[in-house]
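Down below is the structure, laid out as structure tokens.
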Amino acid sequence: MSNHLRLPPVYQPITYRAFMAGADRIVATIRPSLGPVARTVAIQRPLDHNSPELLDNGGLIAKRIIQLPDYRADVGAMFVRDMLSRLQEQEGDGTATAAVLFQVAFNEGVRLVTAGLNARQLQTHLAAGTQVILDVLRSQTQAVASASELASVAFTICQDRELSDLIGEIFDIIGGDGRLEIREGSGRKLEREYVEGMYWDRGLLSRQMVADAQHLRSDLEDAAIVFSDLQIREPQQILPVLLAAFQAGYRQLLIVADEIGDRAMSLLLANNKPDHMQILAVKTPGFGRDQQAEFLSDAATLCGGHPFLRATGDTFASIRAEQFGRARRVWANLRSFGLSGGKGDPRGLRRHLAALRRLHAETPDLGLRSRLHERIGRLMGGSATLRVGGATVREVEARKDLAERTAAAVRGALQEGVVPGGGVALLDCRPVIQRRLTTADEPEERAAYQILLRAVAEPMRVIVANAGYDPSDVLAEVRMAGPGYGFDALGGRITTMQEAGLYDPANVTKAAVYAGLSSAALALTIDVIVHRTHQPTHATLPTPTRRKQL
Numbered sequence: 006m007s008n009h010l011r012l013p014p015v016y017q018p019i020t021y022r023a024f025m026a027g028a029d030r031i032v033a034t035i036r037p038s039l040g041p042v043a044r045t046v047a048i049q050r051p052l053d054h055n056s057p058e059l060l061d062n063g064g065l066i067a068k069r070i071i072q073l074p075d076y077r078a079d080v081g082a083m084f085v086r087d088m089l090s091r092l093q094e095q096e097g098d099g100t101a102t103a104a105v106l107f108q109v110a111f112n113e114g115v116r117l118v119t120a121g122l123n124a125r126q127l128q129t130h131l132a133a134g135t136q137v138i139l140d141v142l143r144s145q146t147q148a149v150a151s152a153s154e155l156a157s158v159a160f161t162i163c164q165d166r167e168l169s170d171l172i173g174e175i176f177d178i179i180g181g182d183g184r185l186e187i188r189e190g191s192g193r194k195l196e197r198e199y200v201e202g203m204y205w206d207r208g209l210l211s212r213q214m215v216a217d218a219q220h221l222r223s224d225l226e227d228a229a230i231v232f233s234d235l236q237i238r239e240p241q242q243i244l245p246v247l248l249a250a251f252q253a254g255y256r257q258l259l260i261v262a263d264e265i266g267d268r269a270m271s272l273l274l275a276n277n278k279p280d281h282m283q284i285l286a287v288k289t290p291g292f293g294r295d296q297q298a299e300f301l302s303d304a305a306t307l308c309g310g311h312p313f314l315r316a317t318g319d320t321f322a323s324i325r326a327e328q329f330g331r332a333r334r335v336w337a338n339l340r341s342f343g344l345s346g347g348k349g350d351p352r353g354l355r356r357h358l359a360a361l362r363r364l365h366a367e368t369p370d371l372g373l374r375s376r377l378h379e380r381i382g383r384l385m386g387g388s389a390t391l392r393v394g395g396a397t398v399r400e401v402e403a404r405k406d407l408a409e410r411t412a413a414a415v416r417g418a419l420q421e422g423v424v425p426g427g428g429v430a431l432l433d434c435r436p437v438i439q440r441r442l443t444t445a446d447e448p449e450e451r452a453a454y455q456i457l458l459r460a461v462a463e464p465m466r467v468i469v470a471n472a473g474y475d476p477s478d479v480l481a482e483v484r485m486a487g488p489g490y491g492f493d494a495l496g497g498r499i500t501t502m503q504e505a506g507l508y509d510p511a512n513v514t515k516a517a518v519y520a521g522l523s524s525a526a527l528a529l530t531i532d533v534i535v536h537r538t539h540q541p542t543h544a545t546l547p548t549p550t551r552r553k554q555l
């Protein structure tokens, strides 16, 4: 068939059927990944037909599905895919829960709308009911603090005891705002390293400044610091810094600059003598002016002193002693440098942190949010590195991705608390929804609460089914046991989630509920699908001889 198809718009009732067909196919692909006994989804690699990619990450599975052969169904599939991708980027997890919530709410909604209910009014009542569920989840939220509780939260995400114990320990030490860097390890094991204070991935500008040849690093105690993004090429540009430091009695000096030329570096090396003055020079952290300015603002607030900026025409010509920052300890190697015990104004630091947190909470830009969180973590002073090993490159990559998702979920749990896991938190919303149903007057309102009653039970049903048990029998036993009880899929028993140690991060659960239900409510209002004129050759109308596949 030609690439230049003139495809007519699709109207009801075909719109719902096509949209539902695409959404059902992508959700069916993701449903196996929900729960601690998740099934695996094998996805063929584009360039390697012999080794499929084995995934149990709903968001990543959704991203791997680019297009369906049926261009009509593809609209529904891509709608769900986009919803899940955004959820994973924002929260790191919850995609499988959001997918099954969407499927139940949308499919039930379509059945009721085609029976005569008003889609727009149903959307309004579903939105109100979603808010009721979120309020109930907030009332269930409890704080989590100990390393064992954090490890339990981590285990519900990764089902890897060694990894969950390490992540629980790390966050118990660095806190919810601490900096955690996850890297690929060189061996087969998991390793962690704690760094006092903060560090940046910019190292010494000269190998000759290395004092400890064995560890390839240098250390300063009670150091004076000059923060700048200046490009220093001539000795005359840096000489005022050395004179001001010497006159002020500083014998340990760190110079941060964007560039130091060979002639200027020769002057520094000539004066870098332990019995006279120890000097280290590192490159200004950050890529581009904006990130360098962020570093200089943070570092000067933490350590005091005046940041010297190219943008404002600053030079070192008239530098004074009070323009130096101070830190209890500074270290640097050829790749990075760090400091601890910054001696800036504590009140100024608290104001700076408060401003960063406000900006983090208000900005919708995910990239900016990530940078802000990293800045906050550094200023809080707790840093750790987790190195992930494995037997093969693919095993390392998969475990590293799992560690990143788990760490994001645990960080959220520390910041916003946890709710009972295993789908129990949602199932326990049913009594409140039932009360709302009994007082509802309008047909669309009653329908909305009926949909939500069915939807909040679906995650537990899928978890039970994925574990190999009969969902109807298990849910009947759970309801008889009472609120707080659920199904421990690993132990195969009915118990309280607290006793089983199963918790879900509250922020992830609430985000999954909002994403899945609000997206389903919006999809119910779609009446017409308009396709682009030029379709790729593989996005053609299916024929009886065409094999349907993702």
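Here our numbering is used: the first residue of the sequence shown is 6, the next is one more, and so on.
Every residue, glycine too, gets a C-beta built ideally from N, C-alpha and C.
Here residue 203 is buried, its C-beta having at least 16 other C-beta atoms within 10 Å. Contact annotation, residue 101 with residue 92: C-beta distance approximately 10 Å; criterion of less than 8 Å not satisfied. Residue 165 carries a coil assignment under DSSP once its states are collapsed to helix, strand and coil. Collapsing the DSSP output to three states places residue 46 in a strand. Counting along the chain, residue 228 sits inside no alpha helix (DSSP H); it lies in the beta strand (DSSP E) bounded by residues 222 to 232. In this structure, DSSP gives residue 314 a state outside helix and strand, which the three-state scheme calls coil. With respect to the 8 Å criterion, residue 285 and residue 225 are classified as neighbours on the basis of their beta carbons.
For residue 218, no alpha helix (DSSP H) segment is defined, and its DSSP state is neither H nor E. Within the same chain, 88 and 107 come within 6 Å of residue 524 by CB-CB distance, once the 5 residues on both sides are set aside.
Judged by beta-carbon spacing, residue 184 lies within the 8 Å limit of residue 383, meaning their Cβ atoms are closer than that value. Judged by their CB atoms, residue 345 and residue 206 are not nearer to each other than the 8 Å cut-off.
A buried status is given to residue 145, since no fewer than 16 other beta-carbon atoms sit within 10 Å of its beta-carbon. Only buried fits residue 76, as 16 or more other CB atoms lie within 10 angstroms of its CB. Taking all protein chains shown into account, residue 283 has 16 or more neighbouring C-beta atoms within 10 Å of its C-beta and is therefore buried. With contacts defined by Cβ atoms closer than 8 Å, residue 110 and residue 456 form a contacting pair. Rounded to the nearest whole angstrom, the CA to CA distance from residue 460 to residue 175 is 36 Å. Counting along the chain, residue 344 sits inside no alpha helix (DSSP H); it lies in the beta strand (DSSP E) bounded by residues 342 to 347.
When DSSP reads this structure, residue 264 sits in a beta bridge with 236. Between residue 170 and residue 156, the C-beta gap is smaller than 8 Å, which places the two residues in contact. Residue 423 and residue 369 do not touch by the CB rule: their CB atoms are close to 25 Å apart, not below 8 Å. Contact between residue 425 and residue 491 is confirmed by a C-beta separation of about 7 Å, below the 8 Å threshold.
Contact between the stretch 233 to 252 and the stretch 265 to 278 is present: three or more C-beta pairs spanning the two stretches fall below 8 Å. Following the DSSP letters along the chain, one finds residue 137 inside the alpha helix (DSSP H) bounded by residues 124 to 145. By the CB criterion at 8 Å, residue 489 and residue 464 fall outside the cutoff. Collapsing the DSSP output to three states places residue 334 in a strand. With a cutoff of 8 Å on beta-carbon distance, residue 46 and residue 434 are scored as not near each other.
In summary, residue 253 is exposed, with fewer than 16 beta-carbon neighbours lying within 10 Å of its beta-carbon over all protein chains present. For residue 501, the secondary structure class from DSSP, reduced to helix, strand or coil, is strand. Around the C-beta of residue 410, 16 or more other C-beta atoms lie within 10 Å, and the residue is accordingly described as buried. About 6 Å separates the Cβ atoms of residue 181 and residue 416, confirming a contact at the 8 Å cut-off.
For residue 411, the secondary structure class from DSSP, reduced to helix, strand or coil, is helix. Here DSSP, grouped into helix, strand and coil, assigns residue 275 to helix.
Residue 42 has its alpha-carbon roughly 32 Å from the corresponding atom of residue 529. In this structure, residue 15 and residue 23 form a Cβ contact; the two beta carbons are roughly 6 Å apart against a cut-off of 8 Å. The C-beta distance from residue 57 to residue 48 rounds to 6 Å, short enough to fall under 8 Å. Here residue 378 is not near residue 306, since their CB atoms are 8 Å or more apart.
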